[in-house]
Structures are given as C-alpha cells and as structure tokens.
Ligand code: NAP
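Residue numbers (our numbering): 2 to 303.
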C-alpha cells in the first residue's frame, strides 16, 4: 500500500512528487503521456520566478529532474479508474491496480474545441491546438489563431516568427491576455487582429484551405485563405475519471479550496483541475506543495 498516489504529471503533480520525496513518503506519480502537462505546449514562460524566460518543456524537464533527485518516483501508464474501499483508495491502471492511503488528483485540463463543422476532420491537417508543437509545419505560410487569452497571444507571437502572416481572431474588441504580451503583439508587423469575430466555417478536403470569419456585431462574413488554424480558446478540466467520485462545480472542475481537499477525505485536487481563480504554472506548483502538507496531516490522523 502506497502512502500517496499522484495522478497526473503536470507542474502540480511534479511538485507534489518532489515534496513527497523530500517528506520520505512512499509515493508514486502516475502520468499517461509525458511530464509537464499543458506547460510543454508553452513556448515562453516569463512568469515563473527564478526563470526570466524559459520554454515550458525545459521547465518541465527541470521540475522532473528536481523531483527525481529528491526521491520522487514516476511511472508512465494510464489510470482507468479510482475506487474507494473504506479508507483505501484503489487506483486502477491499464497494467496494475495500486492501493493508496491518499490520492492526489492533478490531471489538469485539455484544450477546448471551437465546435465548428470539419474541426475534427481537419485536426492535424491544418487545425491544431498546440502552436509550439505544430507551428514549425507552417514556415512562410498563412495561419490564424483563435482566442484572446494568454495562450492565443503567446501562440500568435510564436507563430509570427515562423509564418508569413498571422491573423488573431478575437470574439471581443479587447484581449484578455497580460498587457506585456499584448504590447509585443501590437508591435509585431505580420500579425493582424480581427476583432469582434468568430470562425464560422472551415474549408478543405484533406487539409485546411480556407476559413470563414463572421463579425459578431455586423454579421459581415470574410473568407480567408488559410494554411493553419490554431485554436486557443481555453481548456476543459480532465475530470471524466472522477466525475462520480468527487464533487465537481458546474463547469466540471473539482471543488477544492486552497487546502486542496475534495469532498472525499484523503483525496486532494491540485492545479488546473480544481476550482480556483488563477490557473498558472506557479499556482499549480503551489498546490503541489500544499497538498503534500495536507496529505501528511491526513496520514498522521489515519
Ligand atoms: P482563457 O484565459 O480562458 O482565454 C480563452 C480565450 O478564448 C478568451 O479570450 C475567450 O473569450 C476566448 N474564447 C473562448 N471560447 C471561444 C470560442 N468558442 N470562440 C472564440 N473565442 C473563444 O484561456 P487561455 O488563454 O488558455 O489561458 C488559460 C489560463 O492559463 C489563464 O489563467 C492564463 O493566464 C494561463 N496562461 C498563462 C500563460 C503564461 O503565463 N505564460 C500562458 C498561457 C496561459 P471570452 O473572454 O469572450 O470568453
């Protein structure tokens, strides 16, 4: 029986693995794909203290090595179910069943879709949800980014260094992204912002060829030839696995406060997956630390 199982290896999970290692708990972090979570899709992280400018994947690798150095253990497999048997938590993976006294949920969130026809069909054929992963395919091409948050603006800046022309399509007349990034964007010559507009149609058979953009105020339609469309319209929490286990809010986030406690004793939720006002690498990392302190308290009392 493990003391702690951490499900998900984004920044929250990696920091929990580090703190668990340093606390000499018998802990295991289980990750489905690769460490770092959504952070690895960020090209420049400029707001994680101690690093003026670092790529998300480099920061993920440093966090991973840091956790390993202090005894954090990780395995790469898919968690299929989590069950409760009295005070014992069973974590069922594709290859093994683990038992733990404490489970820490850190499965993060995944990119939200636009919901337009052909989006699915053209996925990987011009439509992408990760500019840092797929941007390189669009050297000297025409691309568009949809969204107005930090991700969209950072993606547009990243793509402006690769593509010939970048459109940023925002459904409002302002951007939500931080002001420093906005300033950089406004000064970038090959970026054109299309305000108050949404993407309403995608065209192309084997690959994206054209998009239709509709102005929300005037209903005016513009058709643009397009090689790549990068969707950056936020994310949805990855709570499918635990939707019948712990209480979720109306948007699907696990209800948990700053102490990371969920509706089930001994199950904690950390990072982007829980209800919180600021979802950043820094706040996810903070949750990772807090959850291990709370887990230790739980273990002493049980
Ligand atoms: P976000 O902040 O939720 O922004 C999503 C954007 O997409 C909003 O502008 C939203 O418009 C728009 N949108 C939503 N649905 C849309 C649709 N169907 N069509 C068109 N536009 C749509 O998401 P995010 O940018 O991914 O950021 C998520 C969190 O990660 C934030 O807390 C952000 O600060 C953080 N983050 C930080 C960094 C960094 O610090 N380096 C980098 C990336 C992300 P409305 O405003 O109208 O809803």
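In this text, a Cβ means the ideal position worked out from N, Cα and C, and glycines have one as well.
- Boundaries cannot be given for residue 50, as no beta strand (DSSP E) includes it and DSSP labels it neither H nor E.
- Closer than 7 angstroms to some heavy atom of the ligand NAP: that does not describe the Cβ of residue 295.
- Three or more beta-carbon pairs drawn from the stretch 269-289 and the stretch 89-105 are found closer than 8 angstroms, and the two stretches are therefore classed as touching.
- The alpha-carbon of residue 71 is positioned some 41 angstroms away from that of residue 176.
- Distance from the Cα of residue 228 is smallest, within the candidate group 146, 251, 286, for 146.
- Not one heavy atom of the ligand NAP lies closer than 7 angstroms to the C-beta of residue 203.
- Assigned with DSSP and collapsed to three states, residue 129 falls in strand.
- Out of 257, 148, 206, 4, the CA that lies nearest to the CA of residue 123 is found in 206.
- Distance from the C-beta of residue 236 to the nearest heavy atom of the ligand NAP is below 7 angstroms.
- Residue pairing of residue 198 in beta bridges, as defined by DSSP: 216.
- Collapsing the DSSP output to three states places residue 271 in coil.
- The beta-carbon separation of residue 265 and residue 246, rounded to 7 angstroms, stays under the 8 angstroms limit for a contact.
- The residue among 5, 41, 108, 84 with its C-alpha nearest the C-alpha of residue 74 is 5.
- Between residue 141 and residue 164 the beta-carbon gap is near 7 angstroms, inside 8 angstroms, which marks them as a contact.
- Ranked by Cα distance from residue 278, the options 256, 223, 93 are led by 256.
- No Cβ-Cβ contact shorter than 8 angstroms links residue 76 with residue 95.
- Excluding five sequence positions before and after residue 126, the CB atoms of its chain that fall closer than 8 angstroms to its own CB belong to 205, 207, 208, 209, given in chain order.
- Only exposed fits residue 82, as fewer than 16 other CB atoms lie within 10 angstroms of its CB.
- Beta-bridge annotation (DSSP): residue 86 is paired with 89.
- Apart from the 5 residues on each side of it in sequence, residue 237 sits with its Cβ closer than 7 angstroms to the Cβ of 110, 111, 113, 253 in its chain, given in chain order.
- For residue 177, the shortest C-beta to heavy atom distance toward the ligand NAP is below 7 angstroms.
- Here residue 174 has 196, 197 as same chain residues with Cβ atoms under 6 angstroms from its own Cβ, once five neighbours each way along the sequence are excluded.
- For residue 224, the CB contacts under 7 angstroms within the same chain, skipping 5 residues up- and downstream, are 211, 213 in chain order.
- Secondary structure note for residue 123: it is in no beta strand (DSSP E), with a DSSP letter that is neither H nor E.
- At the C-beta level, residue 153 and residue 28 stay beyond 8 angstroms of one another.
- Membership of residue 40 in any alpha helix (DSSP H) is not indicated, and neither H nor E is assigned to it by DSSP.
- Secondary structure at residue 236: strand, using DSSP grouped into helix, strand and coil.
- Beta-bridge analysis with DSSP links residue 28 to 5.
- Sequence-distant partners of residue 135 (beyond 5 residues in either direction) whose C-beta falls short of 7 angstroms from its own C-beta, in its chain, are 129.
- Separation of the CB atoms of residue 262 and residue 295 is rounded to 7 angstroms, and the pair is thereby assigned contact status at 8 angstroms.
- If you draw a straight line from the Cα of residue 60 to the Cα of residue 220, it is about 43 angstroms long.
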